[in-house]
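Let me begin by presenting the structure, written as structure tokens, before commenting on it.
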Ligand SMILES: NC(=O)c1ccc[n+]([C@@H]2O[C@H](COP(=O)([O-])OP(=O)(O)OC[C@H]3O[C@@H](n4cnc5c(N)ncnc54)[C@H](OP(=O)(O)O)[C@@H]3O)[C@@H](O)[C@H]2O)c1
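Numbering (this note's numbering), first residue to last: 13 to 289.
Shown next, in the form of structure tokens:
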């Protein structure tokens with residue numbers, strides 16, 4: 013199956029009542045991938061849906077968009093739980109998925125993710141039960157691809173060993189000091205899993221401030237943020253950005269076309285090794 017996933021994805025966390033307006037702004041700027049979750053604590057999925065209705069009126073077509081949402085287990089929810097918390101896990105996933113379809117005004121999701129594992133540091137029985145329900149949604153054709161988020165390399169390895177349907181996407185917070193999540197990215201490469209990175213800027217302020225990165229940005233007439241996004245894309249990631257600024261939306265999209273040399277990529281990849289502990 014060919015998966016058409018946009019090279020950079022617009023993230024909708026923490027935008028509250030501004031979500032609708034910001035999603036419209038992002039799509040108008042050129043974004044086609046939208047990430048949300050059925051987790052009212054951090055996301056307003058129904059407001060993403062409102063933005064989509066407005067965008068359709070403006071001529072954007074559903075088939076040109078890549079909509080990604082997530083099942084958030086009870087440990088990631090507040091009191092606004094979008095499913096029956098007393099129900100079994102299979103029912104919880106099905107109810108959450110139906111509610112996502114309704115919020116987003118669609119009859120299919122491009123990418124459906126398990127927001128995070130319950131077990132730690134490995135997986136527990138509930139994680140497998142949840143994954144089986146997500147597999148069932150994929151088999152029904154209503155989620156084109158399925159995946160996981162906030163998984164460490166052990167959890168991903170275990171799921172790959174045991175799952176009937178392997179995850180096709182991993183979405184993780186990406187710290188430069190872990191070699192930009194190298195252990196997980198290596199597994200993804202081996203198994204042709206798409207790797208989405210978030211917090212690329214906020215988790216790595218020292219990279220943006222590093223004199224070598226600032227100098228490289230100046231020479232290329234770009235910003236350090238664009239260097240980080242461009243680097244992430246060139247090493248095979250699909251970065252997320254949740255910028256609220258029109259200027260940054262354009263700059264983040266421009267990073268797709270910025271090509272760094274191997275030497276520049278190496279500099280950004282290994283810059284964490286120059287840090288004093
Ligand atoms: N799966 C999970 O558990 C999980 C967790 C967290 C996030 N996510 C997803 O990832 C998305 C992104 O979240 P994030 O943690 O990466 O943080 P973020 O919300 O994207 O924040 C990025 C920060 O960088 C700034 N920024 C963006 N582009 C910039 C540019 N070109 N120049 C200068 N500053 C720039 C933004 O400021 P401005 O607004 O001023 O541009 C903002 O302060 C979320 O919306 C969500 O969809 C998923």
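Built from N, CA and C at the ideal position, the CB exists for glycine as well.
To which residues of the same chain is residue 115 closer than 6 Å at the C-beta, ignoring the five residues directly before and after it?
-> Locating residue 115 in the chain shown gives position 103, where the first residue counts as 1. For residue 115, where only same-chain residues beyond five positions count, the Cβ hits under 6 Å are 57, 58, 61.
Do the segment 29-36 and the segment 91-100 make contact, defined as three or more Cβ pairs closer than 8 Å?
-> No, because fewer than three Cβ pairs between the segment 29-36 and the segment 91-100 fall closer than 8 Å, the two stretches do not touch.
Closer than 7 Å: residue 213 CB and nearest ligand 1 heavy atom = Indexing the chain shown from 1 puts residue 213 at position 201. At least one heavy atom of ligand 1 is nearer than 7 Å to the Cβ of residue 213, so yes.
Below 7 Å CB to CB, which residues in the same chain sit around residue 76 once its five sequence neighbours on both sides are set aside?
-> Translated into the one-based positions of the chain shown, residue 76 becomes position 64. Shown here for residue 76: same chain residues with a beta carbon closer than 7 Å to its own, the five before and five after excluded, namely 44 in chain order.
Cβ-Cβ distance between residue 130 and residue 87 below 8 Å = Here residue 130 refers to the residue found at position 118 of the chain shown. Here residue 87 refers to the residue found at position 75 of the chain shown. Yes, they are a contact pair.
Answer with buried or exposed for residue 184, where buried requires no fewer than 16 other C-beta atoms within 10 angstroms of its C-beta.
-> Stepping through the chain shown from its first residue, residue 184 is reached at position 172. Around the beta carbon of residue 184, a 10 Å sphere encloses 16 or more other beta carbons of the protein chains shown; the residue is thus reported as buried.
Using beta-carbon positions only, say whether residue 226 and residue 188 come within less than 8 Å of one another.
-> Counted from its first residue, the chain shown places residue 226 at position 214. Counted from its first residue, the chain shown places residue 188 at position 176. Against a cut-off of 8 Å, the Cβ pair of residue 188 and residue 226 comes out as no contact.
What's the call for residue 289, buried or exposed, on a 16-neighbour Cβ count within 10 Å?
-> Taking the chain shown and counting its residues from 1, the one referred to as residue 289 is at position 277. The pLDDT assigned to residue 289 is 49, lower than 50, so where the model puts this residue is not dependable, and the model offers no usable value.
Express the C-alpha separation of residue 83 and residue 150 in angstroms, rounding to a whole number.
-> Taking the chain shown and counting its residues from 1, one reaches residue 150 at position 138. Taking the chain shown and counting its residues from 1, one reaches residue 83 at position 71. Straight-line Cα distance between these residues: approximately 13 Å.
Inter-residue Cα distance where the pair is residue 146 and residue 120 = Along the chain shown, read from residue 1 onward, the residue named residue 146 stands at position 134. Along the chain shown, read from residue 1 onward, the residue named residue 120 stands at position 108. If you take the alpha carbons of residue 146 and residue 120, they lie about 13 Å apart.
Assign residue 289 to one of three DSSP states: helix, strand, or coil.
-> Locating residue 289 in the chain shown gives position 277, where the first residue counts as 1. Summary for residue 289: the model assigns pLDDT 49, below 50, so the residue's position carries little reliability, and this model does not support an answer.
Can you pull the DSSP bridge partners for residue 253?
-> As a position in the chain shown, residue 253 is number 241, starting the count at 1. Looking at the DSSP assignment, residue 253 forms a beta bridge with 22.
How would you write the range of the beta strand (DSSP E) that residue 284 sits in, first residue to last?
-> Within the chain shown, numbered from 1, the residue matching residue 284 stands at position 272. That residue, residue 284, is in no beta strand (DSSP E); it is neither H nor E in DSSP.
Straight-line Cα distance separating residue 182 from residue 207 | Counted from its first residue, the chain shown places residue 207 at position 195. Counted from its first residue, the chain shown places residue 182 at position 170. A direct Cα-to-Cα measurement between residue 207 and residue 182 gives close to 5 Å.
Just to check, is the beta-carbon of residue 110 closer than 7 Å to a non-hydrogen atom of ligand 1?
-> Taking the first residue of the chain shown as 1, we reach residue 110 at position 98. No, the beta carbon of residue 110 sits no closer than 7 Å to any heavy atom of ligand 1.
Report the rounded CA-to-CA distance for residue 228 versus residue 196, giving the unit in angstroms.
-> Indexing the chain shown from 1 puts residue 228 at position 216. Indexing the chain shown from 1 puts residue 196 at position 184. When rounded, the distance between both Cα atoms is 28 Å.
Counting only the same chain and skipping the five closest in sequence on each side, list residues whose C-beta sits under 7 Å from that of residue 101.
-> Within the chain shown, the letter at position 89 stands for residue 101. Result list for residue 101: 138, 141, 142, 145, in chain order.
What is the DSSP secondary structure of residue 215, counted as helix, strand or coil?
-> As a position in the chain shown, residue 215 is number 203, starting the count at 1. In the three-state scheme derived from DSSP, where H, G and I count as helix and E and B as strand, residue 215 is classed as coil.
Mind checking whether the beta-carbon of residue 58 lies closer than 7 Å to any heavy atom of ligand 1?
-> As a working note, residue 58 is residue 46 in the chain shown. Every heavy atom of ligand 1 is 7 Å or more from the Cβ of residue 58, so no.
Does the separation of the CB atoms of residue 212 and residue 161 fall below 8 Å?
-> By one-based count along the chain shown, residue 212 stands at place 200. By one-based count along the chain shown, residue 161 stands at place 149. No. Outside cutoff.
Please go through the segment 83-148 and give each complete alpha helix (DSSP H) segment of 4 or more residues, from N-terminal end onward.
-> Segments of the alpha helix (DSSP H) lying fully in the segment 83-148: 101-116.
Cβ distance (whole Å) where residue 48 is taken to contact residue 81 below 8 Å | Here residue 48 refers to the residue found at position 36 when the chain shown is read from its first residue. Here residue 81 refers to the residue found at position 69 when the chain shown is read from its first residue. A Cβ-Cβ distance of about 5 Å is found for the pair residue 48 and residue 81, placing them in contact under the 8 Å criterion.
Residue 238 CB to nearest heavy atom of ligand 1 below 7 Å | Numbered from 1 along the chain shown, position 226 holds the residue referred to as residue 238. Flag set: Cβ of residue 238 near ligand 1.
Residue 189 by DSSP, collapsed to three states: which one?
-> Numbered from its first residue, the chain shown carries residue 189 at position 177. Secondary structure of residue 189 (DSSP, three-state): helix.
Which residues DSSP lists as bridging residue 47, in chain order | Residue mapping note: residue 47 aligns to position 35 of the chain shown, counting from 1. Per DSSP, 23, 80.
Identify which residue in 28, 38, 72, 277 has its Cα closest to the Cα of residue 52.
-> Here residue 52 is taken as the residue at index 40 of the chain shown, counted from 1. Closest option to residue 52, Cα to Cα, is 28.
Using the Cα positions of residue 246 and residue 190, report the straight-line distance between them to the nearest angstrom.
-> To locate residue 246, count along the chain shown from 1; it is residue 234. To locate residue 190, count along the chain shown from 1; it is residue 178. Going by the C-alpha atoms only, they are around 18 Å apart.
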